[in-house]
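K.L.:
Taken in order, these protein sequences are the chains called V and P.
The opening position of the first sequence corresponds to residue 1 in my numbering, with each subsequent residue numbered one higher.
The opening position of the second sequence corresponds to residue 324 in my numbering, with each subsequent residue numbered one higher.
A virtual CB, placed ideally from N, CA and C, is assigned to each residue, including glycine.
Questions regarding the structure given below will be posed in turn.
There are 2 protein chains.
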Amino acid sequence: MINIANIKEIAKMAKVSVTTVSRVLNNHPYVSEEKRIAVEKAIKETNYQRNINAVHLSKGETKLIGVVIPYANHPYFGLLVEGIANEAVKNNYKLVLFQTNYEEQREREALEMLKLKQIDALIFCSRNSRFKIIDKYMVYGPIILCEDTRGKNISSTFIDHYKSFSQALNYLYNKGHRKIGYCLARRTGSNSSSREKAYHDFLQKINEPFEPNYRFYDCLNFEDGQEVIRSLNAMSNPPTALLVTSDQVAAGILVCCKEKNIAVPDELAILGFDNQPIAQIMKLTTFDMPLINMGNNLLHQAIHPLVVNHEELYVKLIERETV
Amino acid sequence: MINIANIKEIAKMAKVSVTTVSRVLNNHPYVSEEKRIAVEKAIKETNYQRNINAVHLSKGETKLIGVVIPYANHPYFGLLVEGIANEAVKNNYKLVLFQTNYEEQREREALEMLKLKQIDALIFCSRNSRFKIIDKYMVYGPIILCEDTRGKNISSTFIDHYKSFSQALNYLYNKGHRKIGYCLARRTGSNSSSREKAYHDFLQKINEPFEPNYRFYDCLNFEDGQEVIRSLNAMSNPPTALLVTSDQVAAGILVCCKEKNIAVPDELAILGFDNQPIAQIMKLTTFDMPLINMGNNLLHQAIHPLVVNHEELYVKLIERETV
DNA sequence: TCTTGCTCTGAAACCCGTTTCATAATCTAT
DNA sequence: ATAGATTATGAAACGGGTTTCAGAGCAAGA
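So this is what it looks like as structure tokens:
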């Protein structure tokens with residue numbers, strides 16, 4: 001029984017106007033019981049389905065939320081999207097996924113879709129485009145970021161990475177570490193900058209020199225741990241502790257340590273981030289990040305764009321055996 | 324400069340009919356150079372953008388492809404989606420993601436969106452609904468599956484899991500193993516069934532008894548390896564080799580083995596599937612699955628639904644150190 | 001009794017493109 | 001020279017809903 005009827009036919013069948021049918025469909029008040037029942041009967045009999053594109057055209061909304069992520073294939077974004085998706089289901093929204101590989105062109109496409117009203121709102125889980133560009137598109141619909149935007153006119157759910165990185169550094173300091181390195185996913189980006197700033201401020205506070213070699217970038221996946229250990233091995237004065245902003249990478253490092261007989265945590269302490277399942281099984285000390293929660297929240301902000309609000313979520317230290 | 328103009332205004336400005344504007348927008352032939360330039364000028368001046376929802380209503384297509392996955396947060400589906408997404412970008416399509424957690428209700432929503440023409444085609448990376456239900460929706464648009472559908476009237480890109488599982492079993496057999504267990508992601512599903520059938524046929528062929536304890540289900544993530552090793556430890560007569568249909572799980576098992584001093588591969592051989600990065604770093608022997616490729620192909624079939632076609636892709640053994 | 005204010009209803013305007021059809025002008029081939 | 005194809009153009013129909021507006025019926029308050 002292929003889709004056939006349109007609202008006119010329903011109106012004819014129920015002997016009412018299309019307006020009344022539309023009212024029934026949208027649960028408007030001011031429809032008499034009698035006519036409502038007649039319309040519902042006609043709908044049932046014809047197996048009528050609204051043409052959703054017509055609805056979109058009329059209403060100018062699509063019930064679609066854009067989600068920008070650099071890689072679909074990474075547990076951090078996996079969890080974030082999971083959180084967004086679950087909340088979307090609850091609220092009868094669907095997601096349009098933009099996998100960008102951090103190409104600005106892809107991000108621009110997402111923004112353009114917002115402009116064209118093909119999506120109702122846009123969530124940036126991570127971005128490469130400058131803020132200025134994103135700002136230009138804010139008139140077209142809600143845009144939500146997943147980074148600290150306090151002081152800016154754009155809503156977000158975020159973790160204060162300056163704060164949590166500082167917390168992590170202090171934790172290592174209290175465990176006696178003075179030579180601390182770190183691994184970041186990328187060189188640029190709001191979150192990375194916050195962390196680097198925290199690092200520099202920390203060094204200053206404890207009065208230790210800045211060692212450029214102690215920084216590692218492009219640490220994204222399990223396999224990136226190899227390169228870190230390789231570099232460490234080549235150092236005459238390697239760090240005694242490593243802050244690793246992804247449990248995947250931390251796990252990769254850990255495996256390499258075992259292989260190369262580097263004692264963890266005695267020779268090298270490893271502190272992860274995310275508290276992914278892999279951290280649990282590998283007994284990784286890590287900072288729990290409420291990613292699912294964060295996803296929930298992001299979607300909520302996207303569909304209830306009442307006011308600009310910045311929602312901070314907090315990390316929690318999970319002590320296990322690598323520090 | 325908020326969106327303002329519509330096609331009528333452009334027509335007025337360029338002193339042509341809306342039809343001609345539409346022709347220019349859609350690169351129809353039969354527009355004189357002169358008018359084409361006038362229209363393009365008006366478009367540029369007003370910064371005109373087509374209302375995409377009106378286009379959808381008119382054309383009955385959306386340039387949106389639905390992608391059904393159970394979990395966003397799993398490397399198998401991550402790679403598959405990555406492959407689909409990359410090909411989508413190339414062809415100017417966007418993806419609508421349906422994360423189902425294997426709930427039929429979610430799968431149904433995706434199918435309904437196809438019916439409502441809110442998406443042009445639908446790709447099932449994995450499904451829970453019976454084939455019969457999916458079949459009912461095939462009149463509404465292309466549906467592509469990621470499983471062996473040969474003999475069925477529905478397109479797919481797939482790996483013959485019967486074949487590859489048999490290949491894996493034979494490989495272990497030739498290495499001297501007779502007591503072989505396996506870990507699957509779920510109890511039901513087309514791929515799992517093929518593998519179980521391969522297993523049974525293999526046992527019969529080599530004339531070994533069927534040992535129900537050697538089967539493990541719900542092995543999806545890294546942490547699920549723990550439970551497998553726990554069970555194995557409690558067995559008086561455990562398998563000497565394990566076929567693990569996800570490198571994540573295999574890696575989890577491997578880590579647990581190290582922890583419990585189970586020698587791999589001497590005491591327990593582990594054979595993974597997928598050839599994820601984690602397999603490389605952990606020196607896991609595994610079957611490479613062309614997931615990105617598969618994703619590319621799935622999208623291609625979705626947007627070029629000319630005829631029913633079943634595209635088989637092949638696994639490739641990667642010998643490392645766990646068998 | 002007269003106003004005011006609900007409740008209920010439908011005609012018509014609106015959202016905004018695409019496509020069909022009719023017509024005219026200009027070529028091409030016989 | 002003439003039938004037939006090709007190029008070029010716009011009016012109008014179409015896709016299918018939502019929303020505005022005007023009007024009718026009826027009840028409550030002044």
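Return the bridge partner residues of residue 146 (chain V) from the DSSP annotation.
P.N.:
For the purposes of this step, residue 146 (chain V) is taken as the residue at position 146 of the first sequence. Answer is none; residue 146 (chain V) lacks a bridge partner.
K.L.:
Can you pull the chain P residues whose beta carbon is under 8 Å from the beta carbon of residue 91 (chain V), in chain order?
P.N.:
As a working note, residue 91 (chain V) is residue 91 in the first sequence. The premise fails here: residue 91 (chain V) is roughly 13 Å from chain P at the closest Cβ pair, so nothing lies under 8 Å.
K.L.:
Our contact map puts residue 137 (chain V) next to residue 111 (chain V) with C-beta atoms below 8 Å; I'd like the distance itself, whole angstroms only.
P.N.:
Reading the first sequence from its first residue, position 137 is the one you call residue 137 (chain V). Reading the first sequence from its first residue, position 111 is the one you call residue 111 (chain V). 4 Å between Cβ atoms; contact.
K.L.:
Relative to the C-alpha of residue 9 (chain V), which residue among V:30, V:44, V:32, V:28 is closest?
P.N.:
By 1-based counting over the first sequence, the position of residue 9 (chain V) is 9. Minimum Cα distance to residue 9 (chain V) is reached at V:44.
K.L.:
For residue 634 (chain P), list the residues DSSP reports as bridge partners.
P.N.:
Along the second sequence, one-based indexing puts residue 634 (chain P) at 311. BP columns for residue 634 (chain P) point to P:480.
K.L.:
Can you tell me which of the three DSSP states residue 306 (chain V) falls into?
P.N.:
Here the question's residue 306 (chain V) lines up with position 306 in the first sequence. If DSSP states are grouped into helix, strand and coil, residue 306 (chain V) belongs with coil.
K.L.:
Taking the alpha carbon of residue 22 (chain V) as the point to measure from, which residue in V:46, V:50, V:41 has its own alpha carbon closest?
P.N.:
In the first sequence, residue 22 (chain V) corresponds to position 22, counting from 1. For the residues V:46, V:50, V:41, the minimum Cα distance to residue 22 (chain V) belongs to V:50.
K.L.:
Alpha carbon to alpha carbon, how far is residue 241 (chain V) from residue 178 (chain V)? Give it in angstroms, no decimals.
P.N.:
On the first sequence, residue 178 (chain V) is found 178 positions in, with the first residue counted as 1. On the first sequence, residue 241 (chain V) is found 241 positions in, with the first residue counted as 1. For residue 178 (chain V) and residue 241 (chain V), the distance between alpha carbons rounds to 8 Å.
K.L.:
Grab the span of the beta strand (DSSP E) containing residue 288 (chain V) for me, first residue to last.
P.N.:
Counting from 1 along the first sequence, the entry for residue 288 (chain V) is found at position 288. 285-288 is the span of the beta strand (DSSP E), which, as asked, contains residue 288 (chain V).
K.L.:
Under a CB-based cut-off of 9 Å, is residue 286 (chain V) close to chain P?
P.N.:
Locating residue 286 (chain V) in the first sequence gives position 286, where the first residue counts as 1. Not an interface residue.
K.L.:
Based on Cα-Cα distance, which residue from V:121, V:321, V:228 lies nearest to residue 260 (chain V)?
P.N.:
Position 260 of the first sequence, counted from the start, is the residue given in the question as residue 260 (chain V). Nearest C-alpha to residue 260 (chain V): V:228.
K.L.:
When you compare the CB positions of residue 466 (chain P) and residue 437 (chain P), do they come within less than 9 Å of one another, or not?
P.N.:
For the purposes of this step, residue 466 (chain P) is identified with residue 143 of the second sequence, where counting begins at 1. For the purposes of this step, residue 437 (chain P) is identified with residue 114 of the second sequence, where counting begins at 1. It is a contact, given that the beta carbons lie within the stated cut-off.
K.L.:
Would you mind reading off the limits of the alpha helix (DSSP H) that contains residue 54 (chain V)?
P.N.:
Your numbering for residue 54 (chain V) matches position 54 in the first sequence. First-last of the alpha helix (DSSP H) with residue 54 (chain V): 52-59.
K.L.:
Verify the CB distance criterion: does residue 464 (chain P) have a CB-CB separation below 9 Å to chain V?
P.N.:
Here residue 464 (chain P) refers to the residue found at position 141 of the second sequence. No - not a single Cβ of chain V is within 9 Å of the one on residue 464 (chain P).
K.L.:
Tell me which residues share the same chain as residue 638 (chain P) and place their Cβ nearer than 7 Å to its Cβ, disregarding the 5 neighbours each side in the sequence.
P.N.:
As a position in the second sequence, residue 638 (chain P) is number 315, starting the count at 1. Excluding positions up to five away in sequence, the list reads 482, 487, 610, 611, 612.
K.L.:
Ordered along the chain, which non-local residues of its own chain (more than five positions away) have a Cβ less than 6 Å from that of residue 562 (chain P)?
P.N.:
Residue numbering aside, residue 562 (chain P) sits at position 239 when the second sequence is read from its first letter. Excluding residues within five positions, the ones whose Cβ falls inside 6 Å are 502, 503, 504, 537.
K.L.:
Go through its chain and collect everything with a Cβ distance to residue 405 (chain P)'s Cβ below 7 Å, but skip five positions before and after it.
P.N.:
Walking along the second sequence from the start, residue 405 (chain P) turns up at place 82. Counting only Cβ-Cβ distances below 7 Å, and skipping sequence neighbours, we find 615, 618.
K.L.:
Does the distance from the CB of residue 162 (chain V) to the CB of residue 195 (chain V) come in under 9 Å?
P.N.:
The residue given as residue 162 (chain V) occupies position 162 in the first sequence. The residue given as residue 195 (chain V) occupies position 195 in the first sequence. Yes; because the gap between Cβ atoms is below 9 Å, this pair is in contact.
K.L.:
If you measure from the beta carbon of residue 277 (chain V) to each beta carbon in chain P, is any gap under 9 Å?
P.N.:
Reading the first sequence from its first residue, position 277 is the one you call residue 277 (chain V). It does: the Cβ of residue 277 (chain V) has a partner Cβ on chain P nearer than 9 Å.
K.L.:
By DSSP, does residue 509 (chain P) sit in helix, in strand, or in coil?
P.N.:
For this step, residue 509 (chain P) is matched to residue 186 along the second sequence. Coil.
K.L.:
I want to see whether chain P comes within less than 9 Å of residue 322 (chain V), judged by CB atoms only; does it?
P.N.:
Position 322 of the first sequence, counted from the first residue, corresponds to residue 322 (chain V). For residue 322 (chain V), the answer is no, since every Cβ of chain P falls outside 9 Å of its Cβ.
K.L.:
Which first and last residues belong to the alpha helix (DSSP H) in which residue 232 (chain V) is found?
P.N.:
Position 232 of the first sequence, counted from the start, is the residue given in the question as residue 232 (chain V). It spans 224-233 - the alpha helix (DSSP H) in which residue 232 (chain V) sits, taken as one unbroken run.
K.L.:
Can the beta-carbon of residue 189 (chain V) be found less than 9 Å from the beta-carbon of residue 223 (chain V)?
P.N.:
Working through the first sequence from its first residue, we reach residue 189 (chain V) at position 189. Working through the first sequence from its first residue, we reach residue 223 (chain V) at position 223. For residue 189 (chain V) and residue 223 (chain V), no; Cβs fall outside 9 Å.
K.L.:
Which of the three DSSP states is assigned to residue 603 (chain P) in this structure?
P.N.:
Working through the second sequence from its first residue, we reach residue 603 (chain P) at position 280. The answer is helix: DSSP assigns residue 603 (chain P) an H, G or I state.
K.L.:
Return helix, strand or coil for residue 121 (chain V), following the three-state DSSP convention.
P.N.:
Within the first sequence, numbered from 1, the residue matching residue 121 (chain V) stands at position 121. Strand at residue 121 (chain V).
K.L.:
Comparing the C-beta of residue 509 (chain P) with each C-beta of chain V, is any distance below 9 Å?
P.N.:
Position 186 of the second sequence, counted from the start, is the residue given in the question as residue 509 (chain P). By this cut-off, residue 509 (chain P) is not an interface position.
K.L.:
Pairs of beta-carbons, one from the segment 373-390 of chain P and one from the segment 57-71 of chain V, closer than 8 Å: are there three or more?
P.N.:
Taking 8 Å as the limit for Cβ pairs, the verdict is that the segment 57-71 of chain V does touch the segment 373-390 of chain P.
K.L.:
Count the C-beta pairs between the segment 340-355 of chain P and the segment 198-207 of chain V that are closer than 8 Å, then say yes if the count reaches three, no if not.
P.N.:
Cβ pair count under 8 Å is below three, so no.
K.L.:
Which whole-angstrom value is the C-beta distance of residue 318 (chain V) and residue 285 (chain V), which I expect to be below 8 Å?
P.N.:
The residue given as residue 318 (chain V) occupies position 318 in the first sequence. The residue given as residue 285 (chain V) occupies position 285 in the first sequence. With 8 Å as the limit, residue 318 (chain V) and residue 285 (chain V) qualify as a contact, their Cβ atoms being about 7 Å apart.
K.L.:
Are the beta-carbon atoms of residue 89 (chain V) and residue 125 (chain V) separated by less than 9 Å?
P.N.:
Stepping through the first sequence from its first residue, residue 89 (chain V) is reached at position 89. Stepping through the first sequence from its first residue, residue 125 (chain V) is reached at position 125. No, these two residues do not count as a Cβ contact at 9 Å.
K.L.:
With 16 as the cutoff for other CB atoms within 10 Å, does residue 94 (chain V) come out buried or exposed?
P.N.:
In the first sequence, the residue the question calls residue 94 (chain V) occupies position 94. Counting Cβ neighbours within 10 Å, residue 94 (chain V) comes out buried, since at least 16 surround it.
K.L.:
So residue 65 (chain V) and residue 123 (chain V) are supposed to be a Cβ contact under 8 Å. How far apart are they, rounded?
P.N.:
Stepping through the first sequence from its first residue, residue 65 (chain V) is reached at position 65. Stepping through the first sequence from its first residue, residue 123 (chain V) is reached at position 123. That pair is a contact at about 6 Å.
K.L.:
Which of the three DSSP states, helix, strand or coil, is assigned to residue 504 (chain P)?
P.N.:
Position 181 of the second sequence, counted from the first residue, corresponds to residue 504 (chain P). Residue state, collapsed to three classes: strand.
K.L.:
Between which residues of its own chain and residue 555 (chain P) is the CB-CB distance below 6 Å, once the five residues before and five after are set aside?
P.N.:
Working through the second sequence from its first residue, we reach residue 555 (chain P) at position 232. Around residue 555 (chain P): 561.
K.L.:
Pick from V:208, V:248, V:33: whose alpha carbon is nearest that of residue 226 (chain V)?
P.N.:
As a first step, residue 226 (chain V) must be located in the first sequence, where it is residue number 226. Of the listed residues, the one whose Cα sits closest to residue 226 (chain V) is V:248.
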